[in-house]
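Shown next, in structure tokens, is the structure this report addresses.
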Amino acid sequence: MKKLFAVFCLVVFCCILPVNANAAKIDINKATCSQILELDEDDMLKFYAWLDGYVSAKTGNMVFDTDPMQAGLAGLEQICSASPMAKFMDILK
3 MKKLFAVFCL VVFCCILPVN ANAAKIDINK ATCSQILELD EDDMLKFYAW LDGYVSAKTG
63 NMVFDTDPMQ AGLAGLEQIC SASPMAKFMD ILK
């Protein structure tokens, strides 16, 4: 039931997001940290939500917790700021 509720919340969240005429499209396998850091605030939050889902799928952790999101964004910015030309996926590994 909790999984169903989490999926429902994610679908609702995605449906109520405003459509961005300048939506970002990034090939994550080729993206550098500087490209990630250039995202505006809304796209950064969307990216982090995608990243959380990606990491959750890789680790098998199916717990959705919004508390660490701000800390995660700060950590992401700190790591990428230190190596702006590094490929993001290399740093993520």
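Residue numbers (the working numbering): 3 to 95.
Here a beta-carbon is modelled for each residue, glycine too, at the ideal position from N, C-alpha and C.
{"Asked": "Inter-residue spacing [alpha-carbon to alpha-carbon] between isoleucine 28 and glutamate 40", "Found": "11 Å"}
{"Asked": "Host alpha helix (DSSP H) of valine 57 (start-end)", "Found": "43-61"}
{"Asked": "Neighbour-count burial assignment, leucine 94, 16 or more Cβ in a 10 Å radius", "Found": "exposed"}
{"Asked": "Bounding residues of the alpha helix (DSSP H) (the contiguous stretch that carries isoleucine 93)", "Found": "90-94"}
{"Asked": "Rounded distance between the beta-carbons of cysteine 35 and alanine 76, thought under 8 Å", "Found": "So it is not a contact: roughly 14 Å between Cβ atoms."}
{"Asked": "Nearest-angstrom Cα separation, counted from phenylalanine 90 out to lysine 60", "Found": "16 Å"}
{"Asked": "CA-to-CA distance, glutamate 43 to isoleucine 30, given in whole angstroms", "Found": "18 Å"}
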